[in-house]
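Q:
Protein chains: 2
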Amino acid sequence: MSPRARKSERRTDALSRERIIDAAVELLDAAGEGGLTFRVLTERLATGPGAIYWHVANKGELLDAATEAVVASALAIGPVEPPASPQDGIRAVALGLFDAIDEHPWLAAQLATQLSRSPSRSVTPRILESIGRQVSALGVPVSSQFTAASALMHYILGAAGQNAVNGRAAGPDVDRGEFLDAASKAWKELDPDDYPFTRAVADQMRAHDDRAEFLAGIALILAGITTVHPPTA
Amino acid sequence: MSPRARKSERRTDALSRERIIDAAVELLDAAGEGGLTFRVLTERLATGPGAIYWHVANKGELLDAATEAVVASALAIGPVEPPASPQDGIRAVALGLFDAIDEHPWLAAQLATQLSRSPSRSVTPRILESIGRQVSALGVPVSSQFTAASALMHYILGAAGQNAVNGRAAGPDVDRGEFLDAASKAWKELDPDDYPFTRAVADQMRAHDDRAEFLAGIALILAGITTVHPPTA
DNA sequence: ACCTGAACACCGTTCAAGT
DNA sequence: ACCTGAACACCGTTCAAGT
């Protein structure tokens with residue numbers, strides 16, 4: 001019963017890097033990047049700023065750590081059991097990231113900007129690895145694997161990022177349907193001479209299903225990969 | 234010679250929304266998003282903050298305006314003469330944005346985050362229009378044009394954004410070659426069990442040419458589009 | 001109509017001091 | 001080793017006042 005004897009018990013109220021990161025993710029989820037503040041973080045954790053700086057170098061590192069934690073858990077979901085096909089594997093990875101960004105919209109800016117800010121501790125290798133293994137299994141020649149995997153990764157980050165914006169468009173209180181209606185309407189009111197295409201697809205934009213559209217883009221790239229690099233089976 | 238008589242002359246020292254935006258772009262180019270401050274902006278323009286707020290609602294609007302200005306000029310370069318083929322047109326648009334983000338790295342985060350923040354005044358339609366026209370010329374059926382154009386746009390934004398990070402990685406004083414060397418080295422030191430793919434492509438990553446790699450991704454997507462939607466010629 | 005500049009609330013970060 | 005909390009420099013924004 002001495003303090004030393006129950007070393008393995010959790011001191012639930014102790015501050016730790018992990019608890020700080022968890023709280024940071026919560027704040028980011030609740031109010032976006034602007035919602036993560038050392039003031040509210042200290043309040044939430046019932047400490048002073050100095051305590052946080054003991055565990056974390058600065059706000060940038062905290063954001064990186066939060067990003068890494070969320071991405072890691074997003075990519076850990078799929079690979080528990082091997083996919084039926086490389087294509088399925090790629091779709092699983094893609095949807096994992098898509099859903100993560102949908103749940104944590106602040107991830108979009110984070111991934112677009114901080115990615116590989118520093119070579120190590122970056123989240124890029126983790127994503128590239130998950131995609132690359134499937135690309136390799138697809139039979140793409142080694143010399144083209146980096147290109148193919150990168151293309152998929154860039155599409156995923158670009159698309160999911162875009163979607164995060166559509167999701168929480170102008171604050172959490174704006175309905176998604178209303179937002180798409182407004183956007184579609186705005187597109188239709190563009191100058192016919194300058195924007196013939198955009199006006200023409202305004203209806204498709206309003207009617208589209210995010211996930212399906214996202215997967216259709218993946219399918220397009222997969223078709224390109226297998227066309228340029230036909231399986232040698 | 235009365236003030237009214239030379240109404241058409243430029244008062245070069247007068248403040249205007251345009252001059253503010255120009256100065257903002259300069260500051261962003263010089264020091265990234267952190268470099269754009271109302272303090273240094275007022276100093277540069279020799280005014281007070283109130284003067285700027287007279288022309289611009291807030292910092293967000295200023296960032297949007299800067300983004301719009303840069304994107305507009307980037308997309309205006311290509312379409313002067315019609316491209317030899319739709320594929321060439323798509324490559325021109327893609328490279329225009331790629332180069333713009335390369336020149337103005339802060340654009341990456343801006344495009345990833347602010348894109349279509351508000352339906353109107355957004356820069357999305359401008360990009361989608363430029364791509365969509367070429368997709369339409371490619372013979373893609375109307376019902377799939379939005380999907381194809383979106384896929385291209387998402388890839389372009391994702392890839393160019395990633396590239397912006399690689400370009401100015403850890404500050405302007407870090408050499409690009411050094412950075413790639415360090416990243417490649419770090420990739421090779423990853424755990425062999427967890428990162429077989431990333432380790433295997435570390436050399437390709439270091440050796441790759443950004444523009445060529447970017448265009449190879451475009452080629453992959455174009456191949457996918459023409460495979461899924463073969464021209465009816 | 002357009003600009004000035006002091007003032008406000010808030011931010012990330014530091015650091016001497018405690019335990 | 002870990003935490004406290006006052007303090008610092010800086011930020012975006014406002015607004016009464018000038019012209």
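Heads up: the sequence lines are chains A and B, in that order. Terminal number for the first sequence in the numbering used here: 233, no gaps in between. Terminal number for the second sequence in the numbering used here: 466, no gaps in between. Quick reminder that beta carbons are idealized off the backbone N, C-alpha and C, glycines included. Remember, it's a predicted structure, so these values are computed and weren't measured experimentally.
What three-state label does DSSP hand Ser143/A in the structure shown?
A: The three-state reading of DSSP puts Ser143/A in helix, counting H, G and I together.
Q: Ends of the alpha helix (DSSP H) at Asp102/A?
A: Pro86 to Glu103
Q: Is Leu344/B near Gly394/B, with beta carbons less than 8 Å apart?
A: yes
Q: Are the CB atoms of Val56/A and Ile20/A nearer to each other than 8 Å?
A: yes
Q: Grab me the residues of Phe331/B's own chain with a C-beta within less than 6 Å of its C-beta, minus the 5 sequence neighbours each way, in chain order.
A: Ala393 and Phe447
Q: Got a sec? Which residues, its chain only, sit under 8 Å from Ala170/A by beta carbon, not counting five neighbours each side?
A: Because the pLDDT at Ala170/A is just 48, under 50, the model does not fix this residue reliably, and the point stays unresolved.
Q: Going by CA-CA distance only, name the one from Pro82/A, Glu33/A and Ala46/A that's closest to Gly60/A.
A: Of the candidates Pro82/A, Glu33/A and Ala46/A, the one whose C-alpha sits nearest the C-alpha of Gly60/A is Glu33/A.
Q: So is His337/B in contact with chain A if we call contact Cβ pairs under 8 Å?
A: no
Q: Does the beta-carbon of Arg237/B have 16 or more other beta-carbons within 10 angstroms, so that it is buried, or is it exposed?
A: Any reading at Arg237/B must be qualified, since the residue scores a pLDDT of 30, below 50, and its modelled position is unreliable; the value itself is stated next. Exposed, since its Cβ has fewer than 16 Cβ neighbours within 10 Å.
Q: Since Gly217/A contacts Ser383/B with CB under 8 Å, what's their CB separation in whole angstroms?
A: 7 Å
Q: Is DSSP giving Val289/B helix, strand or coil here?
A: coil
Q: Would you mind working out which of Asp262/B, Ala284/B, Ala370/B and Ser377/B sits nearest Ala341/B, comparing C-alpha positions?
A: Minimum Cα distance to Ala341/B is reached at Asp262/B.
Q: Let me make sure I understand the geometry here. Which of Ile334/B, Arg359/B and Ala445/B has the alpha-carbon closest to that of Ala186/A?
A: Arg359/B
Q: How far does the alpha helix (DSSP H) with Val269/B in it reach, from first residue to last?
A: Before going further, note that residue 269/B is Leu rather than Val in the sequence given. From DSSP, Leu269/B is part of no alpha helix (DSSP H); its letter is neither H nor E.
Q: Nearest chain B C-beta to Ala87/A closer than 8 Å, yes or no?
A: Before going on, a small fix: residue 87/A reads as Gln here, not Ala. No, Gln87/A lies away from the interface with chain B (no Cβ there is under 8 Å from its Cβ).
Q: Below 8 Å between beta carbons: does that hold for Thr47/A and Leu27/A?
A: no
Q: Over what stretch of residues does the alpha helix (DSSP H) that includes Val356/B continue unbroken?
A: Element bounds for Val356/B: n/a, residue is neither H nor E.
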